[in-house]
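Worksheet: the structure to be examined is printed underneath.
Protein chains: 2
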Amino acid sequence: MLFRQLFDKESSSYTYLIADTKTKEAVLLDPVLEQLNRYLALLDDLKLKLRYCLETHLHADHITATGKLREHTGCHGILPEKAEIPCADQYIKNEEILHIGSIPIKAIATPGHTDSHMAYLVNGTHLLTGDALFIRGCGRTDFQNGDAGTLYNSVTQQLFSLPDETLVYPGHDYRGNTVSTIGEERKFNPRFAYKNRHEFIELMNNLNLPNPKKMMEALPANKQCGNLDAAA
Amino acid sequence: MLFRQLFDKESSSYTYLIADTKTKEAVLLDPVLEQLNRYLALLDDLKLKLRYCLETHLHADHITATGKLREHTGCHGILPEKAEIPCADQYIKNEEILHIGSIPIKAIATPGHTDSHMAYLVNGTHLLTGDALFIRGCGRTDFQNGDAGTLYNSVTQQLFSLPDETLVYPGHDYRGNTVSTIGEERKFNPRFAYKNRHEFIELMNNLNLPNPKKMMEALPANKQCGNLDAAA
């Protein structure tokens, strides 16, 4: 398995490239529009065939590169079933397993940041947590049908039930961290480890965060798979 | 083996934490002063005993955290033999192997960015390239006894002779990349793949880069292992 973590500075987002090194089939998870040329160059260098662009959720902080990657590579855009975005080529549902060559990618419904959010367990070892779980943090729950109590259940029941050594690769990091483990987050994530569900809801409902800078642009664009013309 | 890549945004530096998960012994490579509390918290969370702080070279763009980490943890500061910095507790020479529990870390003399620069091969698989080799780039060669022809030899003869699948973990990245491989850099690094030694020297000697912002502060401080009082 080839596994690459690619950072976009402007949105502090991580995109993941996963490929079967034998069959050369690849998937990009949560690609960012501004990084399109970087993805295309890397796919070209590594002689990979992009089969899918997969999203953890409909992003409010950046525009997806899925539409443009589809134009360039013929890949399929896959979205969580409950996101109900008509531009997708395929939908993925809870516990469904996508195969990239011999690599299984299992969808794990983890609503709370948005109501249709999915995490993905790659190869049984690498958990792509999107905006459900960050390293020592988690995604906000104050828009897009987010719900703090639901996120608490998703993280503590779905993600923290995975083995301790499962690697945690988040959708964002604002402090320069790249990877953690489930064991570590269960013990030390300040949003979950020292708080019960009630305290977590209280905390999340009082964060008073400003809206993401790109939200008004990103949400309509992402409903069109990042196709800006169609969103205009 | 525990392997963590930790980014410092201000200097775009990567620090690496490597530990033997059985013996709990750890080393930090190229730690950054401003991230001291983050390192201490992570070492504490993971119950690691910091044995060493290891440097690839005397940095001009950030102040090392080695002095402060030594105060807090009693670790030894290790510098390349030829750096001749009296504050070090130990020096490491070309091809010397340091052991962190059962993990071998082999020093590979790679002068050119500075005249005493070392890369380190961890566990035979993870190559920490410092400022000799970046992902699709390399360190500058215009100060601290840097020399472009020497860097070309170090990279093409010492690093590119390692197996294709060796993972490349650089000392800096300015584009959000985290890892590459020797096979990939040998083929696609624009500084080396399409250039002979003469062309590389020509290119490097005409980059006309401004000095690093922190250079006047960092060099004297790093000669004291990051002890600002002693450097004042």
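Residue numbers (this note's numbering), protein chains in the order written: chain A, 1 to 232; chain B, 1001 to 1232. Yeah, the Cβ is synthetic: ideal placement off N, Cα and C, and Gly gets one too.
Same chain only: Cβ atoms within 6 Å of residue i, ignoring 5 sequence neighbours per side
| i | result |
| --- | --- |
| A/D20 | I100, G101, S102, I103 |
| B/L1219 | A1060 |
| B/E1081 | Y1091, K1093 |
Sub-8 Å separation of residue i and residue j beta-carbons
| i | j | result |
| --- | --- | --- |
| B/F960 | B/T1166 | The requested residue 960 of chain B is not part of the displayed model; chain B covers only 1001 to 1232. |
| B/L1043 | B/A1065 | no |
| A/I108 | A/I92 | no |
| B/L1133 | B/L1159 | yes |
| B/I1182 | B/Y1152 | no |
| A/M118 | A/T56 | yes |
| B/L1238 | A/G171 | Nothing can be reported for residue 1238 of chain B: it is not among the residues displayed for chain B, which extend from 1001 to 1232. |
| A/N211 | A/G67 | no |
| B/P1190 | B/T1150 | no |
| A/L28 | A/Y39 | yes |
| A/R51 | A/E25 | yes |
| A/Y169 | A/H126 | yes |
| A/E184 | B/D1045 | yes |
| B/K1195 | B/L1203 | yes |
Per-residue DSSP class, three states only, for residue i
| i | result |
| --- | --- |
| B/R1004 | strand |
| B/S1116 | coil |
| B/P1220 | helix |
| B/H1172 | strand |
| B/I1097 | strand |
| B/T1129 | strand |
| A/L167 | strand |
| B/A1041 | helix |
| A/F160 | coil |
| B/G1149 | helix |
| A/R191 | coil |
| A/E71 | helix |
| A/E10 | coil |
| B/L1209 | coil |
| A/C85 | Note on identity: in this sequence residue 85 of chain A is Ile, with Cys being the wrong assignment. Three-state result, A/I85: coil. |
| B/F1200 | helix |
Cutoff 7 Å; reference residue i; Cβ partners in own chain excluding five residues on either side
| i | result |
| --- | --- |
| A/V32 | D8, S11, S13, T15, H62, A65 |
| B/N1145 | T1114, D1115 |
| B/Q1090 | H1076, I1078 |
| A/D147 | G112, T141 |
| A/V122 | I18, I103, I105, L128 |
Beta-ladder partner(s) of residue i, from DSSP
| i | result |
| --- | --- |
| A/L282 | The requested residue 282 of chain A does not occur in the structure, where chain A is confined to residues 1 to 232. |
| A/V179 | A/V179 pairs with nothing; no bridge assigned. |
| A/A107 | A/Y120 |
| A/V155 | According to DSSP, A/V155 bridges with nothing at all. |
| B/K1049 | B/E1025 |
| B/F1134 | B/G1137 |
| A/I78 | A/L54, A/Q90 |
| B/T1064 | B/V1032 |
Min CB distance residue i to chain B below 8 Å
| i | result |
| --- | --- |
| A/N177 | yes |
| A/F7 | yes |
| A/D45 | yes |
| A/E71 | no |
| A/E184 | yes |
beta-carbon residue i near the ligand HEM non-hydrogen atom, thresh 7 Å
| i | result |
| --- | --- |
| A/Y14 | With respect to small molecules bound, the structure shown includes none, and the ligand HEM cannot be examined in it. |
CB contact below 8 Å: residue i versus chain A
| i | result |
| --- | --- |
| B/R1004 | yes |
| B/F1188 | yes |
Proximal residues to residue i (C-beta, below 8 Å), its chain only, five neighbours per side dropped
| i | result |
| --- | --- |
| B/E1217 | I1063 |
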